[in-house]
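A quick write-up on the structure given underneath.
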Amino acid sequence: MEFLKRHYEKLILLVLLLAFILSMVYVLRIIDQTKEITEESLQIPTRAADYEVHDPKAAEFEIADYWQSRNANWPASHARNKANPFFSDLVVTFPMARCPGEDKKPCGKIIPLYYFTEEQPCPFCGLELKKPPKRTAEEGQLFLNNIQLTQEEATRFRLNVEDALLDRDNDGFSNIFEIRVAKTSPVDPRSHSPMWYRLRLQEIRRVELPIKFMAVNTNSSDDKSRWDLQLNMVNKRNREITSIEAVGNTIELDNKTYKIADVKLVKKEIPAETKGGTPRISDESVMYLEQVEGTDKLELQVGKKVFSSRPKAIMKDVGVRDGMIICDIGERFRMGLRTTGFTNYRVKAIDAKAMTVTLENPSAVEGDTTLDPAGRKMVVTKKGMIPDEMLVNFENEQLREDGMGMAPRGGY
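Positions 7 to 418 (the numbering used here) are the ones given, in order, by the sequence shown.
Set out below in C-alpha cells:
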C-alpha cells in the first residue's frame, strides 16, 4: 500500500499511456483496412429482374378480345370488413344526409346515412335518428318493369334487361332508344344521335329580363348627360347589384350589348296623398335602350318589370335532369359533355303559331344550314324526337342507385 501511495501518479500516467498506444494501433488498423477498398467493392450488385418479357404482338394483348372476355363494369363498392360500415372507393362515395337537429340543440351537420338507416344517434348532437321513408319494392318494380331489353340486347352490351330506360354511357339517350331506334352504342358516349334530338319545345313567350330601372337623379341640371340613372341588375352569380349609369353608357343584358339612348323624365303628383303637407310625387320616368349591333329596342319604366322585346323559345333538354334552354332568334347554345363531344346550335326561326323552333349550324357557311350531319332538318317540336316511352327515366336510375341492382356508372 505504501508503494501505491508513493507512485500512484506514475501508475495513472502509465495507464493513460497504454490507452493512447492502443488507440493509435486501432487507428492505424482502420487506415490500413481502407487501402483494401476497391472500386469493385463499392458497386451495388445488380438485382435480378422480377418481371417477364412479353411480346406486345401476342394474342393475349389483343384489346378487342381482352374486353370481350372481361366484364367492363366498374366493380361495386363493398365494405372492407363488417366492423366498418363506412367505406368508399373515391368513385362511389357512401351516402350522406344532414342531421335535422333539435329545437334546443340545433346540429344540421352532414353525417353518413348509415346513422339514419340503423336508427343510431347523431355522433355530434346525440339526436335519436329515425329511418327515412322508403319506396316499397312493389312501387320500385313499377318503374323497373315499365320497359325491358331483350336478353339478347342485354347480353350484347353487357347490360341488365331492366336497364332499358337507364343511360349507361351518360349521353342523354336511354339504352333502349340507342339500341332499337338510333342504332347507336349504349355503352359508347361518342356514339349517339344528334344532340338536338333531346330537345322538346315547352312554350314560346316573352321572358322577364334581369334588370330594373329604379330612379333618376337629375343633380339639379337640365343636361341629361349629367343625370344619374340607378339600375338594379342580376349578375351571372344570380346576385342583385346596383349600378349608376348615364346616358350614352353601354350595358350587357340578355347576352347583348345595349346603349342607353335616352331618358324621359316623368314626375306625377299622386292626388290626395301628402307627406307632412307635401304632395307625394310618383316617378314614372322611362329609359330607352338600343342594341349596339342590332335593331332590338327596350323601354324601361321606373319600378316596372322588363320583358324581352321578342318572344323566346323555352326548350327542355330531356337528356339531363332539369335541363332548360331559353333562346330567341339568333342566339346560340351548346349541348353535350367532354365525354360525348359538344355541338353548337343557333336559333334561326321561331313559329309561335305552329309551335316550332328551327335550329341551324352556326359554323355552316353554305348550303342548307338547318340540316344536321345526317341530313335531317333541325326542327324542335313539343313532341320531340324521342318517344315518351323511351326517355331516360331518372327516377328509375335513382331507384337503382339506392340499391336495386344498378352497377356504378363510369366504368366504360
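Yeah, the Cβ is synthetic: ideal placement off N, Cα and C, and Gly gets one too. These figures come from a predicted structure and were not determined experimentally.
With distances taken between CA atoms, T349 lies nearest to P379 out of K16, P379, D169. One thing to note: P195 has its Cβ no nearer than 9 angstroms to the Cβ of L397. For the 9 angstroms CB-CB criterion, P101 and P118 form a contact. The DSSP-derived three-state label of A160 is helix.
Here E184 is buried, its C-beta having at least 16 other C-beta atoms within 10 Å.
Distances from the CA of L295 to each of T284, K265, K115 were compared; the closest alpha carbon is that of K265. Between the beta-carbon of L133 and that of E125 there is about 11 angstroms, and that puts the pair past the 8 angstroms contact cut. Around the beta-carbon of N90, fewer than 16 other beta-carbon atoms lie within 10 Å, marking it exposed. Following the DSSP letters along the chain, one finds T301 in no alpha helix (DSSP H), marked with neither H nor E. For T349, the pairing in a beta bridge is given by DSSP as M341. As computed with DSSP, R104 is found in a beta bridge with I116. For V187, the secondary structure class from DSSP, reduced to helix, strand or coil, is helix.
With respect to E305, T263 sits apart: the two C-beta atoms are not nearer than 9 angstroms.
Inter-segment contact for the segment 357-364 and the segment 213-226 is absent: fewer than three beta-carbon pairs are separated by less than 8 angstroms. Secondary structure at F130: coil, using DSSP grouped into helix, strand and coil. Rounded to the nearest whole angstrom, the C-alpha separation of A65 and Y203 is 41 angstroms. The Cβ neighbour count for M30, taken over all protein chains shown within 10 Å, is under 16; the residue is labelled exposed.
Residue pairing by DSSP places F313 opposite E214 in a beta bridge. Counting along the chain, the unbroken beta strand (DSSP E) around M239 starts and ends at 234-240. One alpha carbon belongs to K383, the other to R352, and they sit about 13 angstroms apart. Counting only residues of its own chain and dropping the five nearest sequence neighbours on each side, D302 has a CB closer than 6 angstroms to the CB of S315. Under the criterion of beta carbons closer than 8 angstroms, K354 and E337 do not qualify as touching, at roughly 10 angstroms. As the crow flies, the alpha-carbon of D169 is around 46 angstroms from that of E258.
Counting only residues of its own chain and dropping the five nearest sequence neighbours on each side, R327 has a CB closer than 6 angstroms to the CB of F400. In terms of Cβ geometry, S288 and K274 form a close pair [threshold 9 angstroms]. Taking 9 angstroms as the cut-off, the Cβ atoms of E246 and V240 count as close.
With fewer than 16 other beta carbons inside 10 angstroms of its own, V33 counts as exposed. Taking E159 as reference, the option from P138, P139, R186 with the minimal CA-CA separation is R186. Excluding sequence positions up to five before and after K115, its CB lies within less than 6 angstroms of the CB of C105, F130, all in the same chain and listed in chain order. As DSSP reads the structure, S288 sits in a beta bridge with K274. The C-alpha of E209 lies about 10 angstroms from the C-alpha of T387. Sequence-distant partners of Q154 (beyond 5 residues in either direction) whose C-beta falls short of 7 angstroms from its own C-beta, in its chain, are V167, E168, A170. Between R174 and P200, the C-beta gap is not smaller than 9 angstroms, which leaves the two residues out of contact. The three-state reading of DSSP puts N181 in helix, counting H, G and I together. Secondary structure at M201: helix, using DSSP grouped into helix, strand and coil.
Here the C-alpha atom of K322 lies approximately 41 angstroms from the C-alpha atom of D234.
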